[in-house]
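For the sequence shown, full-length UniProt numbering assigns the number 1 to the initial residue and increments by one for each residue that follows.
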Amino acid sequence: MLIIWIVFGAVFLFYLQKWIYGHYWEKDLSAELSFSRESAVEGEVCQLSERVENGKLLPLPMLKVKFQVSRKLRFSDEGDGAVTDKYYRNDILSLGPRQRVIRTIPFVCGARGYFRLREMDLVAADLFLTREMISSATADSTLYVYPAPVSGVELDSALQKLNGEILAKRHMLEDPFEYRGIREYAPYDEMKTINWKATARTGDLMVNIRNYTSLRAVRIFLNLADTGILKNEQLVELCISIAARFAGELLEQGIRVAVYANGEDVLTGDPMKMQPSAGPGHMESINRAFARISLEEGVYPFGELFRGELEEEGKDMATLFLSVDRSPEFQEDIRTFARMGTDFTWMCPLFPRMESHVEEEEALHFIRLDAEEMLNGK
């Protein structure tokens with residue numbers, strides 16, 4: 001008889017704890033995921049904070065915390081996670097009454113991007129681990145990963161040369177609204193520069209001498225299309241990194257910078273159009289815009305998208321094109337721009353084994369860069 005009562009009591013306790021856990025396991029249970037920083041640079045180490053608190057007297061012998069993040073964030077401790085198109089992590093905890101557990105999980109920012117934690121799943125078990133109960137918790141934390149700086153002998157040389165030309169041009173542009181005197185006409189002078197009143201007064205052709213003005217801005221155009229048969233995202237990412245480095249160097253010198261890219265912003269769905277500025281925080285805005293560019297759904301047609309910007313009067317602007325796309329359509333866009341008489345440079349990172357397939361490279365101001373050297377230096 002005693003054995004029967006023991007068995008009955010065990011069965012009663014089993015179903016009682018099962019009922020209790022089924023109704024109260026979520027009570028006063030909170031969980032939070034957050035990145036340790038708002039922004040980082042590709043290749044840096046960051047941390048993910050995982051905080052779980054059980055505020056009731058009922059213990060939780062097993063609690064699984066499940067969430068997913070981009071596989072571009074590489075965790076050194078993969079736990080019970082799996083990596084496919086995303087990284088699915090599964091951490092197992094044990095919480096006593098009114099206990100808080102905080103875990104700090106390091107990871108490497110493997111690539112540029114905008115990463116957001118949206119939610120996580122909590123899976124608890126009863127005392128005998130015979131039943132699992134599932135709930136979801138909100139997680140709202142974001143991380144901007146900026147493009148990493150790049151260097152290389154060819155790139156450094158090309159950027160130094162271009163930077164020198166820009167600095168020289170800052171004080172060589174004539175301002176059509178300010179004059180500093182008149183002089184005698186020379187054969188190379190344009191008719192519109194002739195001062196007819198001074199000519200009538202002196203009897204000789206006289207022309208106006210204009211003051212010089214500063215370079216208004218530097219425009220960086222990124223064509224992020226990859227029209228080759230074999231897609232190579234590394235080269236496209238190199239273009240973004242080169243643009244970030246050059247924009248930073250120019251802004252440090254007080255030169256206004258505009259950046260245009262035909263990639264889609266993951267938040268707005270619009271292409272990147274950063275208007276000229278040299279104000280505080282402009283580089284931060286550029287880096288954040290770079291981080292939000294997504295290449296997964298393709299890009300906008302370059303020539304069609306930036307026709308208005310390309311047709312702008314650019315005599316007091318320097319223009320840099322960055323593109324691994326060497327398609328006939330893009331080359332024609334460059335030729336059309338070249339006919340306007342505006343100074344520009346087209347930089348293209350390629351691997352040594354790749355052919356450029358660019359006709360009239362000199363006319364298109366084409367500069368080939370060694371992508372392998374730059375990638376090895378990252």
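Ideal Cβ positions, reconstructed from N, Cα and C, are used throughout, including at glycine.
Tell me the residue span of the beta strand (DSSP E) that contains D121.
Taken as a continuous stretch (DSSP letters only), the beta strand (DSSP E) holding D121 covers G113 to A125.
Could you tell me the boundaries of the beta strand (DSSP E) in which S241 lies?
No beta strand (DSSP E) contains S241, which is instead part of the alpha helix (DSSP H) from E233 to E252.
Taking only the alpha-carbon atoms, compute the straight-line gap between residue 381 and T336 and give it to the nearest angstrom.
In this structure the chain extends from 1 to 378, so residue 381 is not present and cannot be described.
Range covered by the alpha helix (DSSP H) that runs through L224
For L224, there is no enclosing alpha helix (DSSP H), since its DSSP letter is neither H nor E.
Rounded C-beta distance between A111 and K72? I'm assuming under 8 Å.
For A111 against K72, the beta-carbon gap comes to about 4 Å, under 8 Å, which counts as contact.
State the Cα-Cα distance for the pair E329 and C109, rounded to the nearest angstrom.
Going by the C-alpha atoms only, they are around 35 Å apart.
Answer yes or no: do M347 and I367 have a C-beta to C-beta separation smaller than 7 Å?
Closer than 7 Å, so yes.
Where does I134 land, buried or exposed, given buried means 16+ other C-beta within 10 angstroms?
Answer is exposed; the Cβ neighbour count stays below 16.
Short Cβ contact (7 Å threshold) for F67 with R89:
With respect to R89, F67 sits close: the two C-beta atoms are nearer than 7 Å.
S49 versus A148: straight-line alpha-carbon distance, rounded
CA-to-CA, the gap between S49 and A148 works out to about 24 Å.
If we ignore side chains and look at the alpha-carbon of each, how far apart do L2 and F14 end up?
In a straight line, the C-alpha of L2 is about 18 Å away from that of F14.
For the segment 296-362, list the beta strand (DSSP E) runs that are entirely contained and at least 3 residues long, ordered along the chain.
Those beta strand (DSSP E) runs which fall completely within the segment 296-362 and span 3+ residues are 317-323 and 344-350.
Excluding the 5 residues preceding and the 5 following S294 in the sequence, name in chain order all residues of the same chain whose CB lies nearer than 6 Å to its CB.
Excluding five sequence positions before and after S294, the CB atoms of its chain that fall closer than 6 Å to its own CB belong to E264 and V266, given in chain order.
What's the C-alpha gap between R288 and S39?
Rounded to whole angstroms, R288 to S39 spans 9 Å at the Cα level.
In chain order, what residues of the same chain lie with their CB nearer than 7 Å to the CB of M274, ignoring the 5 residues before and after it?
Residues A258, V259, S285, I286 and A289 of the same chain have their beta carbon placed closer than 7 Å to that of M274, with the five preceding and five following residues left out of the count.
Length of the line joining the Cα atoms of R98 and I105
Those two C-alpha atoms are separated by around 23 Å.
Exposed or buried, T319, counting other C-beta atoms within 10 Å across all chains shown (16 or more means buried)?
The residue is buried, with at least 16 neighbouring Cβ atoms inside 10 Å.
Can you give me the start and stop residues for the alpha helix (DSSP H) that S285 sits inside?
From DSSP, the alpha helix (DSSP H) with S285 extends over H282 to R292.
6 Å CB neighbourhood of R51 in its chain, flanking five on each side removed:
These residues qualify, in order along the chain: E32 and I102.
Can you tell me the Cα-Cα spacing of K247 and G254, whole angstroms?
Looking at the sequence shown, residue 247 is not Lys but Ala. Using only the alpha carbons, I get a separation of about 11 Å.
Counting pairs of beta carbons, one from the segment 22-32 and one from the segment 123-143, are three or more of them closer than 8 Å?
Touching, per the Cβ criterion.
With 16 other CB atoms within 10 Å as the buried threshold, where does I240 fall?
The residue in question, I240, is buried, as its Cβ has 16 or more Cβ neighbours within 10 Å.
Give the DSSP bridge partners of D265, in chain order.
According to DSSP, which records beta bridges pairwise, D265 is partnered with I293.
In three-state DSSP terms, what is K66?
In the structure shown, K66 sits in a strand (DSSP, three-state: E or B).
Residues near V123 by beta carbon distance below 6 Å, same chain, minus five either side
Here the set comprises K64, E132 and I134.
Is the beta carbon of A125 less than 7 Å from the beta carbon of L235?
Contact: no.
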